[in-house]
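In what follows, a structure is listed as structure tokens, so that the remarks can point back to it.
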Amino acid sequence: MPQRGDARYDMLAGGRHTCGGSCWARPFVESLGPVMPSRESGEKKAVEDYRIMVLGGDGVGPEVTAEAARALRVVAKRFGHTFRFEEALVGQDAIAQEGAAISPKTLERCARCDAILFGAVGGTTMGSPESKTQPENSLYQLRRDFVLFANLRPIRVFPALAGASTLKRDVVRGVDFVVIRELTGGLYYGRPSETRGESPARQAVDTMAYSEAEIERVVRFAFELARARNKSLTSVDKANVLSCSRLWRDVAERVGRDYPDVHLQHLLVDNCAMNLVKRPKDFDVLVMANMFGDILTDEASMLSGSMGMLPSASLGERVTAHGRFGLYEPVHGSAPRIAGQGKANPLAAILSAALLLRHSLSLAEEALAVERAVERVIAAGYRTYDIQTANTRLVNTSEMGEQVERALLESDSPAGSRRAGKKAPAGTAR
Ligand code: NAD
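So the sequence shown is residues 1313 to 1742, counted in the numbering used here.
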């Protein structure tokens, strides 16, 4: 792993950071430096031609990914890049037209891209994720096929949105932590997973299984991240009941011996659920098994006001000529009840696009420009209905995307600000 001061670290962490320590994105940018680099030090990008697969999916998915793609197009124009967008079906339309939630051909096309911008999948009825006819199967397959084992979910509260949370302002103001959810193992992938017998005597079984190797790679990832932030890692488990959790705790302790500078604490998942709403500011980096992360990050989304504000990056070990291959999606689902009404908040998808720029394309300044544009739009009072409060301006999905576009076009580029010795715009101050 690269260390502070060497070229690989600097390229992705502090070396590219230019806003003088005041912007929303800063600590997260710096904190992810050490775990993200993929190109060798000094290696030039092979071709400045980036390929992005856009998989809009179901419900509000296509609506929010359209706005994220718009932000990427503006970035390409402003910074002089060529982004080649590809599109394919996933979810319900893919099932109807191609016979599977994601076709083998689409998977092949994804493999030729640098990153995937994903919307959401899922309808109004639930079924077995294992079944090929379930829209959610596309996501499980992408995660499994590309071994995207680490799911990063930054939870930060924009200062101007502290009042949008259902919790008290004092509790949420200043919240800034990252959840790393294990993504390719545990209860969602264990076999058997089935219903047996005949009604009324049916029985259902799901299996939670983790190998030491699966736990170690994601815990190590979390330690690297914690080391670059505030050197505090909370490992979440249910070791008082589950064998998997006892193994998880044991491996976390062993890996922790390689990180004596990072304080490791263990927290039972039920206790963690309570403390996320009681004292969320005390957390910095948390790592947890698949299902625990799924549930706790929905809870944590309420700190920031809405599911529509939370981006995510799913990363593995695969690298491309430009960075680390990844899948980027808002944490929320397809929200079928508000689909097609212009009500969906596109900011989680747009912030996911910023993560894509940073991690898969190694374009940290461009990522920062997007994050700062979002912060300016929020500071200027624009709100979709999910985060609307008194004295703010209600906008629909595409109007919010337009505002981000405008803010991106109007703001100085971070590089330009640095050259001119300018300070970050007031709207970005924390
Ligand atoms: P959901 O995330 O779709 O919606 C939860 C709540 O948040 C709803 O009230 C919804 O209106 C609101 N919401 C979600 N996104 C929003 C946005 N961008 N702007 C404003 N409000 C937003 O979760 P759900 O209702 O439990 O699930 C709906 C479907 O989505 C299901 O089929 C589920 O399986 C699927 N799902 C998919 C993903 C994914 O694709 N990654 C994740 C979770 C759920």
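Note that the Cβ used here is the ideal one computed from N, Cα and C, for glycine as well.
- Distance from the CA of ILE1699 to the CA of GLY1475, rounded to the nearest whole angstrom, comes to 9 Å.
- Here GLN1653 carries a coil assignment [DSSP, helix/strand/coil].
- Under the three-pair Cβ rule at 8 Å, the region 1534–1541 counts as touching the region 1567–1582.
- As computed with DSSP, VAL1517 is found in a beta bridge with GLU1506.
- Within the region 1434–1507, the runs of beta strand (DSSP E) at least 3 residues long that lie entirely inside it are, in chain order, 1462–1468 and 1488–1494.
- In this structure, DSSP gives GLY1605 a helical state, which the three-state scheme calls helix.
- Distances taken from the Cβ of LYS1417 to the heavy atoms of the ligand NAD include none shorter than 7 Å.
- Positions of the alpha helix (DSSP H) runs, each at least 4 residues long and wholly inside the region 1354–1410, are given as 1373–1391 and 1404–1410 in order along the chain.
- Looking at the DSSP output, SER1544 sits in a beta bridge with HIS1575.
- According to the DSSP assignment, PRO1648 belongs to no beta strand (DSSP E), since it is labelled neither H nor E.
- When the beta-carbon positions are compared, ILE1690 and PHE1470 come within less than 8 Å of each other.
- Close CB contacts of LEU1588 within its chain, under the 8 Å cut and outside five residues either way in sequence, are with PHE1595, LEU1608, GLU1611, ALA1612 and LEU1615 (chain order).
- Apart from sequence neighbours up to five positions away, the residues of its chain that approach PHE1391 with a beta-carbon distance below 6 Å are GLU1678, ordered along the chain.
- Burial of THR1377 is indicated by the presence of at least 16 other C-beta atoms within 10 angstroms of its C-beta.
- In terms of Cβ geometry, ARG1468 and VAL1491 do not form a close pair [threshold 8 Å].
- Sixteen is the threshold: when 16 or more other Cβ atoms of the shown chains lie within 10 Å of the Cβ of SER1646, as they do, the residue is buried.
- In the three-state reduction of the DSSP assignment, MET1600 falls in the strand class.
- In the DSSP assignment, PRO1416 falls within the alpha helix (DSSP H) that extends over 1416–1423.
- Taking a cut-off of 5 Å from the heavy atoms of the ligand NAD, the residues with a C-beta inside it are ALA1432, VAL1433, GLY1434, MET1619, GLY1620, HIS1644, GLY1645, SER1646, ALA1647, ILE1650, ALA1656, ASN1657 and ASP1698.
- A direct Cα-Cα distance of roughly 8 Å separates ASN1703 from GLY1693.
- Going by DSSP, LEU1663 is part of the alpha helix (DSSP H) stretching over 1659–1671.
- Here the C-alpha atom of GLY1652 lies approximately 7 Å from the C-alpha atom of VAL1372.
- Considering only GLY1713, LEU1668, THR1546 and SER1664, the residue with the shortest C-alpha distance to THR1632 is LEU1668.
- About 7 Å separates the beta carbons of ALA1400 and MET1365, which is inside the 8 Å limit, making them a contact pair.
- Residue burial is scored here from C-beta neighbours: ASP1457 has fewer than 16 other C-beta atoms within 10 angstroms and is therefore classed as exposed.
- The secondary-structure analysis by DSSP pairs GLY1638 across a beta bridge with ALA1427 and LEU1627.
- For ARG1705, the pairing in a beta bridge is given by DSSP as TYR1694.
- Secondary structure of LEU1680 (DSSP, three-state): helix.
- Under the three-state reduction of DSSP, ASP1562 is assigned to helix.
- Pairing GLN1446 with GLU1722, the inter-Cα distance amounts to about 43 Å.
- The DSSP-derived three-state label of LEU1554 is coil.
- Distance check between ALA1472 and each of ARG1688, ASN1708, ALA1540 and GLY1605 places ARG1688 closest, using alpha-carbon atoms only.
- In the DSSP assignment, MET1586 falls within the unbroken alpha helix (DSSP H) covering 1581–1590.
- Non-local beta-carbon contacts of ASP1518 in its own chain, meaning distances under 7 Å to residues more than five positions away in sequence, involve LEU1499, GLY1502 and SER1505 in chain order.
- DSSP places ASP1570 in the coil class of the three-state scheme, outside both helix and strand.
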